[in-house]
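Peer 1:
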Amino acid sequence: MDRQSSTHAAIAHSSNVTTTSLSSLTLNRTDPVTRRLVEGLQCDLDIYNSFIESDEGQDIFIMATMCESRIVYMKNKRAGWYGPVDQDDLFTVMCSDECLQSDELHKKALSLSRCTEVFLIAVDDLALGSKATELGLPDDKSSLYCKLQLEVTHAETQPRGQDADWFVWKLRRAADYRARGNEAFKQEKYGAAVKLYKRALAWLEPPNDRSDVTLDTKIQYSAEELQQVNPVATACYANLAMCYSKLDGDGDVGRCIAAATSALKLEDGHAKARYRRSQAYVTSKEFDLALADLTKLRDLEPDNKLFRSALSRAQTAKMQFRKKQQSAFANIFEK
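If you count the sequence shown from 1, you need to add 41 to reach the working numbering.
Take a look at the structure:
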């Protein structure tokens, strides 16, 4: 029996595990094991599925399903929905407290996989209540878990070209969410489109520096990488501005301006973003700022009738607004 089939056999014979094939995991969210692992990981299902179908992932899957566990990532706190899961962190399983009572499950998990360590850890800020004293923890705001760690060499966890692979993966995911946002916009689902464009932008954010234990330092993209990232980010910000211009909720005008401004920081000559910002400025009666944008657009595209017309309308609106203000002040003094 080869490794793949033996792994499936181990999963099928473990308690609390169904025989659902790994390839159908993304479709079967009602399965309790699948749901528990996915919710614990809080990871994009494509990333989750690609990992558990690898050799190392098979080991982790065995341990997690047998030990009522959830996969955790502890270094890269930005992982999950907002970016790729750090591969290093996928080689550890954190077990639930029920798992602490079953050494047999640990022994079986160790025998069926390459997991080599089982050790206890205390996790702060997870309420444990009265069990804290019983377990010898300092207070009731700590929770006791155990971890099973897969023995993998550093070379295996950091294969050559991994950073480049992750960069390509991030770009692909961003492009996918951008395309889905475009589709939502075409269907006039502007709120949904906003969420998708934001998700795309989150994927484009540079990862945290793994060498920085505080996770406060971000890795800087190279000039070559920025040439690929910035056009996608610019388009997403411009599309966000477009969506906000279609919405009429509190703060949407301000959000339109902010999104368009972000696009213009990346590409000063982005005409559509500047035009949408100018119209948002008109709506918020920031006429001088609107006229500055529209004047620049006219200079960039002197033959563009839309920009010339918008500039004329903004000038007229500014004069009318001033007249109303003057009239209002005059009425106040007359009283």
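Quick reminder that beta carbons are idealized off the backbone N, C-alpha and C, glycines included.
Is the CB-CB distance between residue 262 and residue 237 below 8 Å?
Peer 2: No; because the gap between Cβ atoms is not below 8 Å, this pair is not in contact.
Peer 1: What is the C-beta distance between residue 348 and residue 316, in whole angstroms, given that I count them as a contact (C-beta under 8 Å)?
Peer 2: Residue 348 to residue 316, Cβ: 7 Å. Contact.
Peer 1: Cα separation between residue 247 and residue 229?
Peer 2: Roughly 31 Å between the two C-alpha positions.
Peer 1: Tell me which residues share the same chain as residue 268 and place their Cβ nearer than 8 Å to its Cβ, disregarding the 5 neighbours each side in the sequence.
Peer 2: Cβ within range, chain order: n/a, list empty.
Peer 1: Report yes or no: do the segment 280-289 and the segment 213-227 share at least 3 C-beta pairs separated by less than 8 Å?
Peer 2: Taking 8 Å as the limit for Cβ pairs, the verdict is that the segment 213-227 does touch the segment 280-289.
Peer 1: Measure the CB-CB distance between residue 307 and residue 345 and report whether it falls below 8 Å.
Peer 2: No; because the gap between Cβ atoms is not below 8 Å, this pair is not in contact.
Peer 1: In this structure, how does DSSP classify residue 271 when only helix, strand and coil are distinguished?
Peer 2: Three-state result, residue 271: helix.
Peer 1: Note down, one range per segment and in chain order, each alpha helix (DSSP H) of at least 4 residues found wholly within the segment 273-302.
Peer 2: For the segment 273-302, not a single whole alpha helix (DSSP H) run of length 4 or above is found.
Peer 1: Taking its Cβ as the centre, do 16 or more other Cβ atoms sit within 10 Å of residue 341, making it buried, or is it exposed?
Peer 2: Per the 10 Å Cβ criterion, exposed.
Peer 1: Please state if the CB of residue 356 and the CB of residue 332 are separated by a distance shorter than 8 Å.
Peer 2: Yes, Cβ-Cβ distance for residue 332 and residue 356 is below 8 Å.
Peer 1: Between residue 212 and residue 265, what straight-line distance do the alpha-carbon atoms span, to the nearest angstrom?
Peer 2: Straight-line Cα distance between these residues: approximately 13 Å.
Peer 1: Give the straight-line distance between the Cα atoms of residue 354 and residue 209, rounded to the nearest whole angstrom.
Peer 2: For residue 354 and residue 209, the distance between alpha carbons rounds to 45 Å.
Peer 1: Measure the Cβ-Cβ separation of residue 319 and residue 351 and say whether it is below 8 Å.
Peer 2: Against a cut-off of 8 Å, the Cβ pair of residue 351 and residue 319 comes out as a contact.
Peer 1: Is it right to say residue 296 is buried, meaning 16 or more other beta carbons lie within 10 angstroms of its own, or is it exposed?
Peer 2: It is buried - the Cβ of residue 296 has at least 16 other Cβ atoms within 10 Å.
Peer 1: For residue 233 and residue 339, I'd like the C-alpha separation in whole angstroms.
Peer 2: Taking the straight line joining both Cα atoms gives about 33 Å.
Peer 1: So, at 7 Å on beta carbons, what are the nonlocal neighbours of residue 244 in its own chain, with the 5 sequence-adjacent residues on each side left out?
Peer 2: Excluding positions up to five away in sequence, the list reads 124, 211, 214, 215 and 218.
Peer 1: For residue 329, collect the residues of the same chain with a Cβ closer than 7 Å to its Cβ; drop the 5 residues on either side in sequence, then sort them by chain order.
Peer 2: So the list is empty, once near-sequence residues are dropped.
Peer 1: How would you write the range of the alpha helix (DSSP H) that residue 322 sits in, first residue to last?
Peer 2: Taken as a continuous stretch (DSSP letters only), the alpha helix (DSSP H) holding residue 322 covers 312-324.
Peer 1: Are there 16 or more other CB atoms within 10 angstroms of the CB of residue 311, so buried, or fewer, so exposed?
Peer 2: Burial call: buried.
Peer 1: Quick check on residue 226: buried or exposed, where buried means 16 or more other Cβ atoms within 10 Å of its Cβ?
Peer 2: Buried, since its Cβ has 16 or more Cβ neighbours within 10 Å.
Peer 1: Could you pull the start and end residues of the alpha helix (DSSP H) that residue 239 belongs to?
Peer 2: Per DSSP, residue 239 belongs to the alpha helix (DSSP H) from 231-245.
Peer 1: Nearest-angstrom Cα distance between residue 287 and residue 240?
Peer 2: Each residue's alpha carbon lies about 19 Å from the other.
Peer 1: Would the beta-carbon of residue 7 fall within 8 Å of that of residue 285?
Peer 2: The shown model of the chain, from 42 to 376, leaves out residue 7, and the question about it has no answer.
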